[in-house]
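In order, the protein sequences belong to chains A and B. The first sequence begins at 1 in our numbering and counts up one residue at a time. The second sequence begins at 1 in our numbering and counts up one residue at a time.
Protein chains: 2
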Amino acid sequence: MTEPRITIIDVARAASVHPSTVSRVLNGRVELSLLPETRERVIAAAARLGYRPSALARSLRLRRTFTLGMLVPNIDNPLFPPIIKGVEDVAHARGYNLILCNTEDSSEREATYLRVLRERQVDGLLIASSFMADSTIAELRRDRFPFVLVNRGSRGANDLAVLVDNEVGVAEVIEHLVGLGHRRIGIVAGPQTTMTGQQRLAAARASLREHGVKLDPALVAVAEAFSQEAGYRAARRLVLATEPPTAIFGANDLIALGVLRAIREVGLECPDHISLVGFNDIPQAEFFGPPLTTVHVPQRDMGTQAATMLIAQIEGKDIPAPRVVAEAHLVVRGSTAAPATLARTEV
Amino acid sequence: MTEPRITIIDVARAASVHPSTVSRVLNGRVELSLLPETRERVIAAAARLGYRPSALARSLRLRRTFTLGMLVPNIDNPLFPPIIKGVEDVAHARGYNLILCNTEDSSEREATYLRVLRERQVDGLLIASSFMADSTIAELRRDRFPFVLVNRGSRGANDLAVLVDNEVGVAEVIEHLVGLGHRRIGIVAGPQTTMTGQQRLAAARASLREHGVKLDPALVAVAEAFSQEAGYRAARRLVLATEPPTAIFGANDLIALGVLRAIREVGLECPDHISLVGFNDIPQAEFFGPPLTTVHVPQRDMGTQAATMLIAQIEGKDIPAPRVVAEAHLVVRGSTAAPATLARTEV
DNA sequence: TTGTACGCGTTATCAA
DNA sequence: TTGATAACGCGTACAA
């Protein structure tokens, strides 16, 4: 019924040589000393038959798949596509494929995919997924399984991570807002089950303290995910407060978009009544209405860095991978963050 | 140096049974009649040793990888992530993995990935990449290799495609603009090397003709890609025309964003001076400034449909896959498309 | 109910 | 310079 695969054996027969010779011709290095005419016969036969090597069999034999696995929390978050592209660029250039898995912010799915990827014998793992338990990561380390964390840290593995400098980025946000005169600053934090969520909230607290600004607990909300919907749900309480904030910091751009919706829904406008700042500088941020003030991170670079580190591990050039921290800096755009006086007078 | 893999043989030894018995226990069907105590011994041994089956070896033996390959033109285009999620949902639920490849709008990369995916013996292919030659697709068909096209057609394979109804969507766009009184309508088309680019331009021409509106050739520009940058470059000529259009239709939302930038760069505003409409309704479209009027397409659904069709093919339930056309309808948002009078008077 | 034997498609190693 | 052989890890007819 189903036509039989064309294997190296068929090619060998067609070229009147031994299968092992075909293998040598097709992927042996040059110094292998083969009769030119043999080589040609084999190549011709392979072309004629439309031979396709089986990566499966090769990987089984070589104990290498030349495949990287990547776990991403949510491909819908525009932060990740550029990172993925960076990874893919490097991978492709070095002869690796990428298996991309979207964990949908579910630790269960993370676990499943992690298992599947290891069963598929990927040569290494890029982990951008944020819910994964530190213990799981520790286990990878114990097994000496090559991996690199992207955009998330883990105790005991931050030397294998490409991280955003949340402290610096958040500090710039707070400094900016305070500089504009804001004193009632609200925060819509990311999920506290993730390190990024924790770090950005902690950094905001610390920075406010440094500037001598008190953080009203009523102005802190925690979103259940780094998504627009979660940001919206979390922000509603803030904008409905008896004394609403004059500025809000959303833990990432999607959360900030949710905040924006919440602001508008109660009849307020941004930045006339409430200033807004996000984090990540997703590709469309400048086109939002109004353009979003946010913290820029070098997304594509993070991807290339991570992939480079991973491949170095895999290929045993154990360049002692340094902790890589991606720079983050504030991008002030038009009007999402306005002087506090504006907010005060207009409400 | 590198610790040896734990194989089915190790488990067999630990459980004092034959390797084949281990295989039966671990993935044999229930009716296989195994002594409960044997089963338990094997399972315990496997767990104790931390046995991980090799998907490689299994696939080699089974001639099935339970893996789907997917080619996407540009993961940066927010249209695709939801489609991918739809695909992944179905795939995951049916026990398949997804290898995602970003072709970066390059036909060379497409060809490479296509080869790699087939060498890796994926069970089937989802092709959203738009540059691939019809001949390549015809070859897949000839080889009886399972595939489904997503968001693109191909002569002779439209019965294996999940397509957007460009005609209807574009017609609604034109009708809307004409209804608002616009007569000088500009078009920034997508690359004419893609079927989508061609179709949307042709549909716009046809629809304008139907409405008795003449299309000034000076108001038609072709973007080199479905991207913001390409849209911007193509739109500059239009907005700088001696008599600029009062409305512009961008062939997708990213192109429309590029148009928006071009409009603003010459000191005009949208929609005060020029109305703007896009296509696809990417997730952030409603947050743009101003919110983008665009044609909605059921992105996630397209993904689930495509994956379902593909798996049906693979598993031989040759449900005669119907040509699936995804509905497209206009979503009028706030103010990107305003009455032509506004544009006329304000310029 | 479980063991035997073989094949899936390659490539590395050794021998000729 | 090329051929023969074994092994990568697993699943399954067939035999016991």
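Where a beta carbon is used, it is the ideal one built from N, C-alpha and C, also for glycine. For clarity, every value in this text was computed on a predicted model and none was experimentally measured.
Under DSSP, the beta strand (DSSP E) around residue i begins and ends at which residues?
i                     : result
residue 124 (chain B) : 124–127
residue 18 (chain B)  : Taken as a continuous stretch (DSSP letters only), residue 18 (chain B) belongs to no beta strand (DSSP E), as it is neither H nor E.
residue 136 (chain B) : Note, residue 136 (chain B): premise wrong, no beta strand (DSSP E); alpha helix (DSSP H) at 134–142.
residue 349 (chain B) : Because residue 349 (chain B) is not part of the residues shown, which for chain B are 1 to 347, the question remains open.
residue 221 (chain A) : 220–222
residue 247 (chain A) : 247–250
Tell me where the alpha helix (DSSP H) around residue i begins and ends.
i                     : result
residue 195 (chain B) : 195–210
residue 80 (chain B)  : 80–93
residue 388 (chain A) : With chain A covering 1 to 347 only, the question about residue 388 (chain A) has no answer from this structure.
residue 258 (chain A) : 253–265
residue 189 (chain A) : No alpha helix (DSSP H) contains residue 189 (chain A), which is instead part of the beta strand (DSSP E) from 185–189.
residue 111 (chain B) : 107–119
Can you name the residues that DSSP bridges to residue i?
i                     : result
residue 330 (chain A) : A:295
residue 324 (chain A) : A:162
residue 278 (chain A) : Beta-bridge pairing links residue 278 (chain A) to no other residue.
residue 97 (chain B)  : B:67
residue 74 (chain A)  : In DSSP, residue 74 (chain A) forms no bridge with anything.
residue 153 (chain B) : Answer by DSSP bridge pairing: none, since residue 153 (chain B) is not bridged.
residue 148 (chain B) : B:126
residue 288 (chain A) : B:288
Under 8 angstroms: do the stretch 119–133 of chain B and the stretch 266–279 of chain B share three or more Cβ pairs, one atom per stretch?
Cβ pair count under 8 angstroms is below three, so no.
Closer than 8 angstroms, Cβ to any Cβ of chain A: which residues of the stretch 68–93 of chain B, in chain order?
Taking 8 angstroms as the Cβ-Cβ cut-off, the stretch 68–93 of chain B approaches chain A at 75, 76, 78, 81, 82, 84, 85, 88 and 92, given in chain order.
Name, going along the chain, the residues of the stretch 109–133 of chain A whose beta-carbon falls closer than 9 angstroms to a beta-carbon of chain B.
Residues of the stretch 109–133 of chain A whose Cβ lies closer than 9 angstroms to any Cβ of chain B, in chain order: 109, 112, 113, 115, 116, 117, 118, 119, 120 and 121.
Between the stretch 288–306 of chain B and chain A, which residues of the former have a C-beta closer than 8 angstroms to a C-beta of the latter?
Flagged, chain order: 288, 289, 290 and 291.
What are the uninterrupted segments assigned as alpha helix (DSSP H) that are 4 or more residues long and contained completely in the stretch 27–60 of chain B, given in chain order?
Here the runs fully enclosed are 36–49.
Between the stretch 279–289 of chain B and the stretch 70–87 of chain B, do at least 3 Cβ pairs fall closer than 8 angstroms?
Contact between the stretch 279–289 of chain B and the stretch 70–87 of chain B is present, because at least three Cβ pairs lie under 8 angstroms.
Closer than 7 angstroms, Cβ to Cβ, to anything on chain B: give me those residues from the stretch 45–62 of chain A, in chain order.
Per Cβ criterion, the list reads 52, 53, 54, 55, 56, 57, 59 and 60.
Given 8 angstroms as the limit, is there contact between the stretch 107–121 of chain B and the stretch 90–98 of chain B, that is, 3 or more CB pairs closer than that?
No: fewer than three Cβ pairs fall under 8 angstroms.
Three or more C-beta pairs under 8 angstroms: does that hold for the stretch 184–193 of chain B against the stretch 228–240 of chain B?
The count of Cβ pairs closer than 8 angstroms, one atom from the stretch 184–193 of chain B and one from the stretch 228–240 of chain B, reaches three, so the stretches are in contact.
Please confirm if the stretch 202–218 of chain A is in contact with the stretch 169–181 of chain A, defined as three or more CB-CB distances below 8 angstroms between the two stretches.
Under the Cβ criterion (8 angstroms, minimum of three pairs), the stretch 202–218 of chain A counts as touching the stretch 169–181 of chain A.
Can we say the stretch 327–334 of chain B touches the stretch 303–311 of chain B, given the rule of at least three CB pairs closer than 8 angstroms?
Counting C-beta pairs with one atom in each stretch, the stretch 327–334 of chain B and the stretch 303–311 of chain B have fewer than three that are closer than 8 angstroms, which means they do not touch.
Is the stretch 47–66 of chain A close to the stretch 4–12 of chain A, with three or more CB pairs under 8 angstroms?
At 8 angstroms Cβ cutoff, the stretches touch.
Near-chain B residues of the stretch 212–224 of chain A - C-beta to any C-beta below 7 angstroms
Residues passing the 7 angstroms Cβ filter: none.
For the stretch 259–284 of chain A, which residues have a beta carbon sitting closer than 9 angstroms to at least one beta carbon of chain B?
For the stretch 259–284 of chain A, which is checked against every Cβ of chain B, the residues closer than 9 angstroms are 260, 261, 282, 283 and 284.
When you check each C-beta in the stretch 129–160 of chain B against every C-beta of chain A, which residues fall closer than 9 angstroms?
Answer set for the stretch 129–160 of chain B: 143 and 144.
Near-chain A residues of the stretch 97–108 of chain B - C-beta to any C-beta below 9 angstroms:
So the list reads 97, 98, 99, 100, 101, 102 and 104, given in the order they occur along the chain.
Tell me whether the stretch 14–34 of chain B and the stretch 63–75 of chain B touch, counting them as touching only if at least three CB pairs, one residue from each stretch, are closer than 8 angstroms.
Taking 8 angstroms as the limit for Cβ pairs, the verdict is that the stretch 63–75 of chain B does not touch the stretch 14–34 of chain B.
Please list, in chain order, the residues of the stretch 227–258 of chain A that have any C-beta partner in chain B closer than 7 angstroms.
Answer in chain order: 257.
Segment contact, 8 angstroms Cβ cut-off, at least three pairs: the stretch 212–224 of chain A with the stretch 153–165 of chain A
Put simply, the stretch 212–224 of chain A does not touch the stretch 153–165 of chain A. Fewer than three CB pairs are less than 8 angstroms apart.
Contact between the stretch 137–145 of chain B and the stretch 96–109 of chain B (3+ Cβ pairs under 8 angstroms):
Of all C-beta pairs linking the stretch 137–145 of chain B to the stretch 96–109 of chain B, fewer than three are shorter than 8 angstroms, placing the two stretches out of contact.
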